[in-house]
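Quick notes on the structure that follows.
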Amino acid sequence: MGCMKTNVNGVVTRVCSLIPLGNKCEKSGGTAVCVCDSELCNGSDTLAISMTLLLCAMLAVFFSKF
1 MGCMKTNVNG VVTRVCSLIP LGNKCEKSGG TAVCVCDSEL CNGSDTLAIS
51 MTLLLCAMLA VFFSKF
């Protein structure tokens, strides 16, 4: 399985494919395209923040019932 991450002027798009794409990045102007086929190579830097916010929201809902 392979993944591709495209960054066009700060807008990031991630997609995955069943076809291995190799490992490389190409940049041109305001666009960067990276493909990879290793584990967790297409991860998001903001996932930890999102999970923390989700946990805090769940705790707030839980404790608001008491």
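Note that UniProt numbering gives residue 32 to position 32 of the sequence shown, counting from 1, and the numbers run on in steps of one. Don't be surprised by glycine CBs; every beta carbon is placed ideally from N, CA and C.
Answer yes if the region 52 to 62 comes into contact with the region 25 to 39, meaning at least three C-beta pairs across the two stretches below 8 Å, and no otherwise. no
To the nearest angstrom, how far is the alpha carbon of N7 from that of M51?
In the sequence shown, the residue the question calls residue 7 occupies position 7. In the sequence shown, the residue the question calls residue 51 occupies position 51. For N7 and M51, the distance between alpha carbons rounds to 23 Å.
Check your understanding: To which residues does DSSP link K65 through a beta bridge?
Key -> The count along the sequence shown starts at 1 and reaches residue 65 at position 65. DSSP lists no partner for K65.
Fill in: Residue-chain proximity (T52, chain B), Cβ-Cβ < 7 Å
Here there is only one protein chain, and chain B is not present.
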